[in-house]
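Each residue of the sequence shown is one higher than the last, beginning at 11 in the numbering used here.
Note that CB positions come from ideal geometry on N, CA and C, so glycine has one too.
The next block holds one structure in the form of structure tokens; read it before the comments.
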Amino acid sequence: MAQGYSGDTAKALGLLEDLKGIIVKQENTIRVQQLKVELLSSRARELEGERDVLRRRVDELSRELRGGRTRSQFSTFKPYPRPVVSQLVPVPLFSTLAADMAPATRSR
Numbered sequence: 011m012a013q014g015y016s017g018d019t020a021k022a023l024g025l026l027e028d029l030k031g032i033i034v035k036q037e038n039t040i041r042v043q044q045l046k047v048e049l050l051s052s053r054a055r056e057l058e059g060e061r062d063v064l065r066r067r068v069d070e071l072s073r074e075l076r077g078g079r080t081r082s083q084f085s086t087f088k089p090y091p092r093p094v095v096s097q098l099v100p101v102p103l104f105s106t107l108a109a110d111m112a113p114a115t116r117s118r
């Protein structure tokens, strides 16, 4: 209760203090949520960049295939590291995708 007041005034002041506390908590929650949104937006931009790199690489490979080249003739084939691809492709599908993307090797 508010000191120096009694009755309904003290109750009203007490409720106002409670509301101020709730508002402060909500403002803090909003700040935390804004930080989370900024982090997620940053991560989304990173993923979009990775997607764009993968799209360009797929386009390059498509052009090479349409040009009649075989896997062993790909001039610049470099498989992407697993962390990049596995974040975009479910892990069970990754091994199949990686096998399809890997350059053909011949054992002698």
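Is the separation between the beta-carbon of residue i and that of residue j shorter than 8 Å?
| i | j | result |
| --- | --- | --- |
| Leu-23 | Tyr-15 | yes |
Please classify residue i: does DSSP put it in a helix, a strand, or coil?
| i | result |
| --- | --- |
| Gly-77 | coil |
| Glu-48 | helix |
| Ser-72 | helix |
| Gly-14 | coil |
Between the C-alpha atoms of residue i and residue j, what's the straight-line distance to the nearest angstrom?
| i | j | result |
| --- | --- | --- |
| Asp-28 | Glu-48 | 30 Å |
| Arg-66 | Arg-73 | 11 Å |
| Glu-56 | Gly-17 | 59 Å |
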